[in-house]
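Position 161 of the sequence shown, counted from 1, bears residue number 160 in numbering that gives the first Met the number 0, the numbering being contiguous throughout.
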Amino acid sequence: MDIRLPSLGEGADSGTVVNILVKKGDQIQKDQPILELETEKAVGTIPSTAAGTVTDVRVKVGDKISAGQVIVSVAEAAGTAATTPVAPRASAAETAVATTTPVAAIAAPVIPGFPPPAPPSVRKMANQLGIDLTKIRGSDPGGRITLGDLRAYVENLQRLAFEHRPEGAMPAKHVAEQIDFSQWGPITKKPMSSLRKTIARRMGESWTAVPRVTQFDEADITGLDALRKKYAKAYEAKGARLTLTGLALKAVVATLQKHPIFNTSLDEVAEEVIFKEYYHIGIAVDTEHGLIVPVIRDVDKKSMLDLAKELDALATKTRERKVTGEQMKGGTFTISNQGGIGSGAFTPIVNKPEVAILGMGRGALKPVVIDGNVESRLMLPLGLSYDHRVADGANAARFMVDLVQAFQQFDEKNVRI
């Protein structure tokens, strides 16, 4: 029988094979992981839906596969041949023809009275945009329409609209130009991973859609750092690390409770601001694959010890690419701490659909005048980027004043264990 790629859930209709965990001749059990797949959200394992002997591995590392595609063929444990017929492999000549034939020419025809094949996420988006899917040719097997097909169709409509725009209208969208850099010297090409493509697309969307402003300030964390050092060993004895990021979670939530406008999202369709009564904070984690933002839920309801443990475990899981797509959803505000790298102040990009993000740089000793005396204090650079459609500069200034105070007057009872 053939084992096919199951549905990956809403918004994830395909992925790239990054590791194959079985080979021809292996005995496998039901629910045993057989390959690792990278989607736009994370890397996850795909389990076998049957037990038996692997007779053929139908994919290879680097292949982009979709739900329903055959990935492995198996025979029953007793050695009986698979009962599900396997599609014949294409010859070299057929392959050559297929790779040179335009997608539109080999896409499945639209059958009158029946909608074209497409995942629910694509249908939902097309419906919101008022687009007839029968006008789009799908690039996946069987003419299945992907999110990329829909995006390409919309971009083509935009291009045609700009080409026929009246004189004096907005200029056409910038069209990417491919340059042959090898004409000036040696180069090395490295394909972008699915995750890097997702990051690039989302950052581009945020930059284009969100009128972002960044409010800067500094917080004197001399006392907070002393508090961290005072309780560090006690936390280690409990299997946790007390870090500045963990302490920042408490300070940020306390400030968000005073300034709820920064714990919202903008419903652009209904033109409504959605105030959230929960505090799920995203933490930007630097990994070798790119920046990933898992979410710590209900920060306001957890102790400092619980937050320290969860923060450490989630960061480790993220760097190992074991974080799930669900663990990266539902954030209300994001913290990006570059202090461990050594950076100073910076302007983080708002993580849509959130409306604000806090950037934390590296704390540095600086001379500060206190009561007429110059003292050496540990100063933390802060940058709050926010969606100017939702909040104004005065809102941001007040938020930063209270956030600085939250850092500088951090209550020790929040750290005691």
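Just so you know, even glycine gets a beta-carbon here, dropped at the ideal spot from N, CA and C.
- The shortest CA-to-CA distance from S342 to any of G358, K328, P5, V73 is the one to G358.
- The alpha helix (DSSP H) runs of length 4 or more contained entirely in the segment 267–310 do not exist; there are none.
- V349 sits away from L265, with the two beta carbons spaced by 8 Å or more.
- Look at the beta carbons and you see the segment 291–302 not touching the segment 219–231: under three pairs across the two are nearer than 8 Å.
- D216 and T346 have their C-alpha atoms some 12 Å from each other.
- Just measuring C-alpha positions, the residue of Y278, S193, I282, V153 sitting nearest I260 is Y278.
- The three-state reading of DSSP puts L36 in strand, counting E and B together.
- Contact annotation: the segment 364–375 does not touch the segment 301–314, with fewer than three C-beta pairs closer than 8 Å.
- In the DSSP assignment, the residues bridged to N18 are E35.
- When beta bridges are read from the DSSP output, L379 appears opposite A218.
- S72: not part of any alpha helix (DSSP H); member of the beta strand (DSSP E) spanning 69–74, first to last residue.
- By the C-beta density criterion, I27 is buried, having at least 16 other C-beta atoms within 10 angstroms.
- 8 Å or more divides the Cβ of G43 from the Cβ of V73.
- If one requires a minimum length of 3 residues, the beta strand (DSSP E) runs lying completely within the segment 172–239 are 211–219, in chain order.
- Between the segment 318–329 and the segment 175–185, the count of C-beta pairs closer than 8 Å stays below three; the two stretches do not touch.
- When the five nearest sequence neighbours on each side are left out, the beta carbons in the same chain lying within less than 6 Å of the beta carbon of V284 are those of I291, A314, T317, in order along the chain.
- Burial state of S205 is buried, judged by a 10 Å Cβ sphere holding 16 or more other Cβ atoms.
- Here V251 is buried, its C-beta having at least 16 other C-beta atoms within 10 Å.
- For the pair V400 and T197, the Cα-to-Cα distance works out to about 35 Å.
- For P116, the closest of K123, M124, G137 by C-alpha to C-alpha distance is G137.
- M359: member of the beta strand (DSSP E) spanning 355–359, first to last residue.
- By the CB criterion at 8 Å, R150 and Q68 fall outside the cutoff.
- In the DSSP assignment, V367 falls outside any alpha helix (DSSP H) and lies within the beta strand (DSSP E) extending over 363–369.
- In the structure shown, G330 adopts coil according to DSSP, grouped into three states.
- Pairing A344 with V373, the inter-Cα distance amounts to about 23 Å.
- In this structure, P32 keeps its C-beta atom at 8 Å or more from the C-beta atom of I19.
- Scanning K351, R415, E287 for the CA closest to the CA of M191 turns up E287.
- Residue pairing by DSSP places Y152 in no beta bridge whatsoever.
- Burial state of F274 is exposed, judged by a 10 Å Cβ sphere holding fewer than 16 other Cβ atoms.
- Here DSSP, grouped into helix, strand and coil, assigns T346 to coil.
- Going by C-alpha positions, L306 is about 49 Å away from T133.
- The beta carbon of I340 is closer than 8 Å to those of D285, R361 in its chain, skipping five residues each way along the sequence.
- Going by C-alpha positions, K308 is about 19 Å away from D224.
- When DSSP states are grouped into helix, strand and coil, K63 belongs to the strand group.
- Sequence-distant Cβ neighbours of T263 in its own chain, meaning closer than 7 Å and more than five residues away, are V272, I273, F274, K275, V354, V389.
- One alpha carbon belongs to I130, the other to D386, and they sit about 29 Å apart.
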